[in-house]
Structure formats: structure tokens, C-alpha cells
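Engineer:
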Amino acid sequence: MAKQTTYNVGIYVRLSQEDERAGESLSIENQKKMLTEYVSKQEGWNLIEICEDDGYSGTSFDRPGIKQILDDAKSGKINLILCKDLSRFGRNYIEVGQYIDYIFPSFNIRFIALSDNVDTLDRNSSAMDLMPVMNLFNEWHAANTSKKVRSVMAANSRQGKYLAASASYGYIKADDEKHTPLIDEDAAVIVRRIFEQRARGLSPKQIAIQLNKDGIATPSDHRYQLKGKDNPLVTSHLWNDCMVRGILNNEIYIGNLAQQRVTTVSYKNHKQIRKDRSEWIVIENNHEPIISRELWDKVREVDASVSIGKTTKEGVILPLSGFMYCPDCGYKMKMNRTMHTSKKRGTYETVSYRCGTYVRSGMDGCTPHSILERVISQIVVDDIRAKARLAVEDEDALREAVRKRRQATADAESQHNSKELHEGEKRLAQLETLISKTYEEKLLGTVPEELCVKMLNQYLDEQKMLREKVAVLKEKCETAEQAEKDIDRYIENIKKYVDIQELTRETCLELIEYIVIGDRPESKDEDRQIHIFYKFLDKGLTEKRNILLPQNVEYIIFGCTFMGFSSSKHNPTFLGNTKLPLRR
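For the sequence shown, our numbering gives the first residue as 32, with consecutive numbering after it.
Below, the structure written as C-alpha cells:
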């Protein structure tokens, strides 16, 4: 008589979020009860462990419970794996087949899926023959369920239902059907502080450091504080730049509910990928905002700025830090602090800016282009004040001057684009009619089929080409309209500084795109050129930073020209904005 094999059994149970809808029959406790009772009735079976995965999908084997039981089986701790059915073990057709057909036999592991009558001890059974079909069906079920869940989630998002597992920091979820975000005032104060500090030019890292210094609870800590519980997550309980950026980039704080922003590669691969914004589902003005749209826009402008200022040893960022560039090599000007001693003033410090290439490589790389911080600050203040006064005293003249400078040929081009756009849209409408009539004639047989096919192909090719052209023309027309709005924004911003006396970081971030500091001229009779580029007048010029300032460019003098500035050895000439791709 053959000796009976002793089995050390590991039970595996699993329940996904989708399975919970199936009711009590699939519950974790029900699975445990069924399987432990089955083990107790078997002679020579020893129950070693029960591994479980609650809330995990079967499409991936990246589950803690399944990893543990498989590791224990490979190490010899158990030699029989028991689960309720094949779908509990997994819903990935290929991986389930690999384990049952190749891996388990290699390690002498017996596998039983009780409800499906699958037992690898009897590989000639009809259940084993049907196993590939059952695995395929289980995977199909997972794919089908995934599609349904995605469809329901998208539909709920379009209806304005807040689907996040927990509300964004600064909000709590209401008890209504849509779980509308309600302001949590304690956290909202911190949200406003974060946006205001960013608008003043502080970096996300600097904001995080200050929040930690003030002992502000992190979003996850605050969430559990509202529940009256300790945070169970493994965390440092400290703010970091990623947390701050997440808040600064979340539209929920201006009242917009933006959902469906991320997706997974597939129902098998759960790696998250960020969708393009055009694919998001956004409900505007969905709930009460925490910050104003104006503050949101200011933060966006700061994010787009070329300036990443350097913090001094006193922990402040000087107003023009990061805004100034060398026109010869294209690199940023670096701050330089120098101590001086004199009989009259004693020991004192001066702050200046020098070409970054010169600082790193000396005269072989570039010339110093040095300028005192107090000198360039006063120059910029005077220029801002002059332009602001012009905006207040004669806004129409300023608007016309800006428009002429920006659009020397834009008006004629805009009219031409508008005319072409109108003709293109008119022709597209005609093509729709022609395609429909040709297709109808083909069906009725009134025109030979070969001729109809030829005509249809011609119409479709023209339609495709024309649609692309119309899209480009629309973009150009919209850009022309945006240019007018940009002029309005520039004038609106500059008018606020008619009485400016001192330059601040916030002022620079709001008004200035960048500044180009020309080198000191060889002769005292020559003017030193300093080019101040203002925001909304040169929008988008900061996207390219790898080309140097073009040589021998004829600059257009715009606004006011200041000569003979008393604190400078050379007379600075303020020139108009010129397209300048720069290096950081």
C-alpha cells in the first residue's frame, strides 16, 4: 500500500473592491471558513498559514498575500496551496497558467481551486482540461469589469460627483449625493498662505521649510487629526516641495473640480500615467473657492518666470535675483557680495551682479558685465515709474505705441488670416455637401462607381488638408486676439506702480520677464545698454534658452530713455523688448 503524503497547507483568500459588490458569498471570512473546514476533513493535512489580500485586484500578482504564500511554497514551508477558485488566485490568464503548468510542478507544489474542481494532483481530470478556458474567462471578466468601472467613474465625474477617496487639503467632503467639497477653514488658511508666498516668489522648498518651522501639520496628518486618530502612514510628518507643488497646481482651490487626470496602462498593468489636460473632466465653478482667480494667475506667472532667485545668507531673495542675463554668452548674472573698508564709511558690504560665465571661467569665458545691485534696482524703479505714469496720463498713446512695436506687420497678416479662415470654413461646408451627394449617387448608381470613388478620394484628401490649414489659421487668429488681451494686462499691471519708490521681489515677478545687462563701454562717452523686457509684451520668449543674443540687432527705443543716472559711471540707455532666447 502506497504511503500517504503529508501536506502542509497554505490557504490563500482574496477580495477586490469589485468583488465586494457580489455579496457575502465572496467575503474574506466566508472563504476562510469554507477552506479551513475542508482542510480539517482531510487526513494528513496540516494547516500552516492563511494569507489574504483584501481590496486587491487579481489582474496583478503584485499583492502582499500572494507573494508571501508563493515564497513560503518555494522555500518548502508549505507544499499545498488551497484557494476557493481560480479567480481568487488570479485573473491574469498568462501568469496563472505559468504558475500551475510550470512553476508549481518544478517545486512539487500541489494546487487546489476548490469550487472549480481544479487539483494539480490529477492532471488528467476534465477540470484540468477546462482550466485554460476558465482562466481566459476570469481574465475577460476582469477586463470587462475594468471597462464598466471606468465608464461609471467618467459618467459620475461629468455629473460633478467628487470621487476622491479623501478630500484635497483645505476641504472636507459634504454628505450630499455629489460629496461637494466644503472649506475646512483651519487648513484653508494654510492653503492661502502657500499661494501668497509663492506669488511673492518663494520656491516650494522654501515654503515647505517655513511650514515645518512653524509646526504646521502635513495634509495627511491633518486628515487624521480631523478623524481624531493618529496617522498610521509611514511618514516623516514634514512638509516637502512635492506636497507644496501638489497644492499649487490643484485647480480645486479656485472652485474647479478637475477629475480623471490619471489613468492606468491597462487593467493588467496598474502603473499610473498622467493624462493630457484635454482629456480631464473639469467642472468649473463647482464649489466655493479658497483663493481668487487673480492669485492663481499670479502663481502661474511666477511658475513661468525665468527667475529662480538665490537665497542670501539672511534667508531672503533679492528683488532682481535670477532676472538678469549677459547678452554676450546668454548666461545668468550671478550675485557677488564684497566687503570693503574705508576711513569714511568703515567696513561695509556691496552687492553686485556679474556674468555667470565670467564667474566660472574668468576672462577666457566672458567679460564681467558687472553692475551694482542698488544701481540696477534704481534703474528698474525709474523705468517702471515712467511707464506707469505714461499709462495713467495717456493710456491710449501707450497702447498705440505698444501695438505698433509688437505688430509692425501683424494687422495686415491678421486680416489675411481672417479672410483665409472664412474661405476655408466655407469650402469645408461645401465639401461636406459634395461628399454626401457623391456617396448618395454611388448608392443610387446614377454615376459610375469608379468615378464616384475617385471623386470621394479627392474630396476627402482636400477636406483633410483644409481642416489642418483651418486649425492653424484659427490658432493664428486666437493669438492675435490674445495679443490685445496681453496689452491690456500689461497696462493694468504697470498702472499700479505709478508711485513706486522701492523695488520688491513681488513687483519684479509681476512685471518683468528678464533684463539684459550690457557690458561697460570702453569709452566714457558711450552709453551702456540695459534692456528691460516686460511680461505680456514678450510672452513666451523664455521657453528657449540655448541661443545667444543676436548680434547687430537694431533695437527699437520704447517708452522713456534715461540718461546720466547719477550712481553709474556710464549712462544706461533703456531699449525696447527684443526676442532673446536665453540660458539659465
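Virtual Cβ for every residue (Gly too), placed ideally from N, Cα, C. Only a predicted model underlies this, so the values are computations on that prediction, with no experimental measurement involved.
1) What residue from Y379, I407, C360 and D425 has the CA that sits closest to D395's CA?
2) Between the Cα of L46 and those of G107, R119 and Q73, spot the shortest distance and give me the residue it belongs to.
3) Looking only at its chain, what residues have a beta carbon closer than 7 Å to the beta carbon of I321, apart from the 5 residues adjacent to it on each side?
4) Would you kindly report the start and end of the unbroken alpha helix (DSSP H) that includes K365?
5) Could you tell me the distance, in whole angstroms, from the CA atom of S146 to the CA atom of L78?
6) Candidates D116, S449 and N139: which alpha carbon is nearest N148's?
7) Does the Cβ of G340 have 16 or more other Cβ atoms within 10 Å, making it buried, or fewer, making it exposed?
8) Just checking my contact of I109 with G41 at CB under 8 Å: how many whole Å lie between their CB atoms?
9) Could you tell me which whole alpha helix (DSSP H) segments of length 4 or greater appear in the region 49-96?
10) To the nearest angstrom, report how far apart F567 and L542 are at their CA atoms.
11) Considering only the beta carbon of each residue, do I112 and Y43 sit closer than 8 Å?
12) Got a sec? Which residues, its chain only, sit under 7 Å from D519 by beta carbon, not counting five neighbours each side?
13) Roughly how many whole angstroms lie between the Cα atoms of K244 and Y521?
14) Taking the alpha-carbon positions, what's the R551 to L497 distance?
15) Let me know the secondary structure DSSP gives R154 once reduced to three states.
16) Under 8 Å by Cβ, that's how I've got A198 and K204 pegged, so tell me the actual separation to the nearest angstrom.
17) If you pair each beta-carbon of the region 372-387 with each one of the region 252-264, do three or more pairs fall below 8 Å?
18) Does the Cβ-Cβ distance between K236 and D272 come in under 8 Å?
19) Out of curiosity, what's the CA-to-CA distance linking N39 and W76?
20) Nearest-angstrom Cα distance between L572 and V183?
21) Kindly provide the ranges of any alpha helix (DSSP H) runs that are 4 or more residues long and lie completely inside the region 395-434, ordered along the chain.
22) For a quick check, are the C-beta atoms of C114 and G96 less than 8 Å apart?
23) Could you give the residue range of the beta strand (DSSP E) that holds T535?
24) Taking N488 as the reference, give the member of R458, T477, I415 and L465 with the closest Cα.
25) Sort H318, M370 and S383 by Cα distance to P350 and report the nearest one.
26) Using the Cβ count rule (16 or more neighbours within 10 Å means buried), how would you classify T36?
27) According to DSSP, simplified to helix, strand and coil, what is S47?
28) Spell out the partners DSSP gives Y565 in its beta bridges.
29) Quick check: what's the CA-CA separation for P136 versus R305?
30) Between V127, N316, R405 and P250, which has its C-alpha nearest T266's C-alpha?
31) Tell me M355's beta-bridge partners as DSSP assigns them.
32) Flag this pair as touching only if the region 225-239 and the region 526-539 have three or more C-beta atom pairs under 8 Å; answer yes or no.
33) Return the CA-CA distance between R559 and G549, expressed in angstroms with no decimal places.
34) When you compare only the Cα positions, how much space is there between A239 and V275?
35) Could you compute how far the alpha carbon of H562 sits from the alpha carbon of E345?
36) Which residues share a DSSP beta bridge with A289?
Structural biologist: Considering the structure as presented:
1) Reading the sequence shown from its first residue, position 364 is the one you call residue 395. Nearest C-alpha to D395: C360.
2) Position 15 of the sequence shown, counted from the first residue, corresponds to residue 46. Selection G107, R119 and Q73 evaluated against L46 yields R119 as nearest (Cα-Cα).
3) Position 290 of the sequence shown, counted from the first residue, corresponds to residue 321. By the criterion of a C-beta distance shorter than 7 Å, I321 is surrounded in its chain by G201, I214, A219, V222, R223 and Y284, once the five residues flanking it on both sides are discounted.
4) Locating residue 365 in the sequence shown gives position 334, counting from the first residue. Note, K365: premise wrong, no alpha helix (DSSP H); beta strand (DSSP E) at M364 to S373.
5) Start at 1 with the first residue of the sequence shown, and residue 146 comes out as number 115. Start at 1 with the first residue of the sequence shown, and residue 78 comes out as number 47. A direct Cα-to-Cα measurement between S146 and L78 gives close to 19 Å.
6) Stepping through the sequence shown from its first residue, residue 148 is reached at position 117. In terms of Cα proximity to N148, the closest of D116, S449 and N139 is D116.
7) As a first step, residue 340 is located in the sequence shown; it is residue number 309 there, counting from the start. Buried is the call here.
8) As a first step, residue 109 must be located in the sequence shown, where it is residue number 78. As a first step, residue 41 must be located in the sequence shown, where it is residue number 10. About 4 Å separates the Cβ atoms of I109 and G41, confirming a contact at the 8 Å cut-off.
9) If you keep only unbroken alpha helix (DSSP H) runs of at least 4 residues inside the region 49-96, you get 59-71.
10) Along the sequence shown, one-based indexing puts residue 567 at 536. Along the sequence shown, one-based indexing puts residue 542 at 511. Looking at the two C-alpha atoms, the distance is approximately 9 Å.
11) Residue numbering aside, residue 112 sits at position 81 when the sequence shown is read from its first letter. Residue numbering aside, residue 43 sits at position 12 when the sequence shown is read from its first letter. The beta carbons of I112 and Y43 sit closer together than 8 Å.
12) Along the sequence shown, read from residue 1 onward, the residue named residue 519 stands at position 488. Result list for D519: empty, nothing under 7 Å.
13) Counted from its first residue, the sequence shown places residue 244 at position 213. Counted from its first residue, the sequence shown places residue 521 at position 490. C-alpha separation (whole angstroms): 37 Å.
14) As a working note, residue 551 is residue 520 in the sequence shown. As a working note, residue 497 is residue 466 in the sequence shown. Answer to the nearest angstrom: the Cα atoms are 54 Å apart.
15) Stepping through the sequence shown from its first residue, residue 154 is reached at position 123. It is coil, neither helix nor strand.
16) Here residue 198 is taken as the residue at index 167 of the sequence shown, counted from 1. Here residue 204 is taken as the residue at index 173 of the sequence shown, counted from 1. Their Cβ separation, rounded to whole angstroms, is 5 Å, which keeps A198 and K204 in contact under 8 Å.
17) The answer is no - the region 252-264 does not touch the region 372-387, with fewer than three Cβ pairs under 8 Å.
18) Translated into positions along the sequence shown, residue 236 becomes position 205. Translated into positions along the sequence shown, residue 272 becomes position 241. Inclusion of K236 and D272 in the CB contact set at 8 Å is warranted, their separation being smaller than that value.
19) Numbered from its first residue, the sequence shown carries residue 39 at position 8. Numbered from its first residue, the sequence shown carries residue 76 at position 45. Here the alpha carbon of N39 sits roughly 6 Å from the alpha carbon of W76.
20) Here residue 572 is taken as the residue at index 541 of the sequence shown, counted from 1. Here residue 183 is taken as the residue at index 152 of the sequence shown, counted from 1. Low local confidence applies: a pLDDT of 39 at L572 is under 50, so the model's placement there is unreliable, with the coordinate-based value given in what follows. So the alpha carbons of these two residues sit roughly 43 Å apart.
21) Fully enclosed alpha helix (DSSP H) runs of 4 or longer: 404-424.
22) As a working note, residue 114 is residue 83 in the sequence shown. As a working note, residue 96 is residue 65 in the sequence shown. Going by C-beta atoms, C114 is not nearer than 8 Å to G96.
23) Indexing the sequence shown from 1 puts residue 535 at position 504. That residue, T535, is in no beta strand (DSSP E); it is neither H nor E in DSSP.
24) The sequence position of residue 488 within the sequence shown is 457, counting from 1. The shortest C-alpha to C-alpha distance from N488 to any of R458, T477, I415 and L465 is the one to L465.
25) Mapped onto the sequence shown, residue 350 falls at position 319. Ranking H318, M370 and S383 by CA distance to the CA of P350 puts S383 first.
26) Mapped onto the sequence shown, residue 36 falls at position 5. Counting Cβ neighbours within 10 Å, T36 comes out exposed, since fewer than 16 surround it.
27) Looking up residue 47 in the sequence shown gives position 16. The answer is coil: DSSP assigns S47 none of H, G, I, E or B.
28) Within the sequence shown, numbered from 1, the residue matching residue 565 stands at position 534. According to DSSP, Y565 bridges with I543.
29) For the purposes of this step, residue 136 is taken as residue 105 along the sequence shown, with counting starting at 1. For the purposes of this step, residue 305 is taken as residue 274 along the sequence shown, with counting starting at 1. Cα to Cα, P136 sits roughly 41 Å from R305.
30) As a first step, residue 266 must be located in the sequence shown, where it is residue number 235. When each option's Cα is compared against that of T266, the closest is P250.
31) On the sequence shown, residue 355 is found 324 positions in, with the first residue counted as 1. Beta-bridge pairing links M355 to I546.
32) Under the 8 Å Cβ criterion, the region 225-239 counts as touching the region 526-539, having at least three qualifying pairs.
33) As a first step, residue 559 is located in the sequence shown; it is residue number 528 there, counting from the start. As a first step, residue 549 is located in the sequence shown; it is residue number 518 there, counting from the start. If I take the Cα positions, the gap works out to 6 Å.
34) Along the sequence shown, one-based indexing puts residue 239 at 208. Along the sequence shown, one-based indexing puts residue 275 at 244. One C-alpha to the other measures close to 7 Å.
35) In the sequence shown, residue 562 corresponds to position 531, counting from 1. In the sequence shown, residue 345 corresponds to position 314, counting from 1. The alpha-carbon of H562 is positioned some 29 Å away from that of E345.
36) Counting from one through the sequence shown, the residue named residue 289 turns up at place 258. Its beta-bridge partners are V313.
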